[in-house]
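All remarks here apply to the structure that follows.
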Amino acid sequence: MRINVLQHTPNEGPGSIQQWSQEHGHEMYIYHPYQFGNLPTSDQTDMLVILGGPMSPNDDMDWIKQERVLIRQLLEDHKPIFGACYGAQQIAKTLGYAIKKAPHKEVGWAPVYLQSDVIPNIPPKLTALHWHEEMFEVPDEAELLFSSDLVKNQGFILHDNVIGLQFHFEPEADNVREIAVNDDQYPLDHNDLHQTGSEIIAHGVPAENKQVMYRLLDFIADK
């Protein structure tokens, strides 16, 4: 299977998603549309992963709009799509739903709570990395998958092949350090989780996050 990854900033890579791909014998291609403008075609894509980034789906940039053209084609083809943070927002925006400021800016580690039993063997409570101040509306045709204490719309599942998460399960310890040291001012400005970059690094990554990331990918890929 060819997994095409859309990466939107140098310090937010695929993390454990890349390990999952390697362990399953898939081929991963990582695109940087914000820098080079290149995107895969739908015919070249067996699974699409849309990572986070500092931009908003509401920004008026051609490559952001072109991403949504690709997403729509893959939705029509019923291919697996996983979106994290900005990526989840892009999926919702493609479906015609609003992206707006969240009631709270969440930067750091905080619990998320499972809201659906559609995917088996997911713990009811997990600790995830949050790095956002916008949120998506959950599409009417999708099901709410996760919520947090501060923001209800934290994840959705659409049919059996599309998952969008407002937070991050994919980073491992090195990835968290990379995110925090390169974007160290972001947690300091009106952060409702009240965590600094140093505190975020020191927290460590819960071992179960990788396991759950694998389960989510297995679920949408097994079609």
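Read in my numbering, the sequence shown has 264 at position 204, and its numbers run on one by one without any break.
Note that CB positions come from ideal geometry on N, CA and C, so glycine has one too.
- Assignment of A158 by DSSP, reduced to helix, strand and coil, places it in the coil class.
- The criterion of a C-beta distance shorter than 8 Å is satisfied by E194 and Q149.
- Contact between the stretch 204 to 218 and the stretch 230 to 250 is not established, with fewer than three Cβ pairs separated by less than 8 Å.
- Annotation for N181: no beta strand (DSSP E) segment contains it, and DSSP assigns it neither H nor E.
- If you ignore the 5 residues before and after R275, its C-beta comes within less than 7 Å of the C-beta of I179, N181 and I182, all in its own chain and listed in chain order.
- Distances from the CA of S258 to each of N269, D278, A233 and A281 were compared; the closest alpha carbon is that of A233.
- Apart from sequence neighbours up to five positions away, the residues of its chain that approach W191 with a beta-carbon distance below 6 Å are V167, ordered along the chain.
- Take the alpha-carbon of H86 and the one of I217: they are about 23 Å apart.
- In the DSSP annotation of this structure, the continuous segment of the alpha helix (DSSP H) that includes V241 starts and ends at A233 to N242.
- In the structure shown, N269 adopts helical secondary structure according to DSSP, grouped into three states.
- Contact annotation: M88 and P140 have beta-carbon atoms that are not nearer than 8 Å.
- DSSP places S208 in the uninterrupted beta strand (DSSP E) bounded by A202 to S208.
- With distances taken between CA atoms, Q126 lies nearest to G97 out of S116, G97 and A188.
- The DSSP-derived three-state label of V129 is helix.
- Boundaries of the alpha helix (DSSP H) around G257: G257 to H263.
- For the pair P266 and T187, the Cα-to-Cα distance works out to about 7 Å.
- Per DSSP, the continuous alpha helix (DSSP H) segment holding F96 begins and ends at P93 to F96.
- With fewer than 16 other beta carbons inside 10 angstroms of its own, N118 counts as exposed.
- Rounded to whole angstroms, Q104 and R62 show a C-alpha spacing of 7 Å.
- If you ignore the 5 residues before and after V236, its C-beta comes within less than 7 Å of the C-beta of L189, I260, I261 and V265, all in its own chain and listed in chain order.
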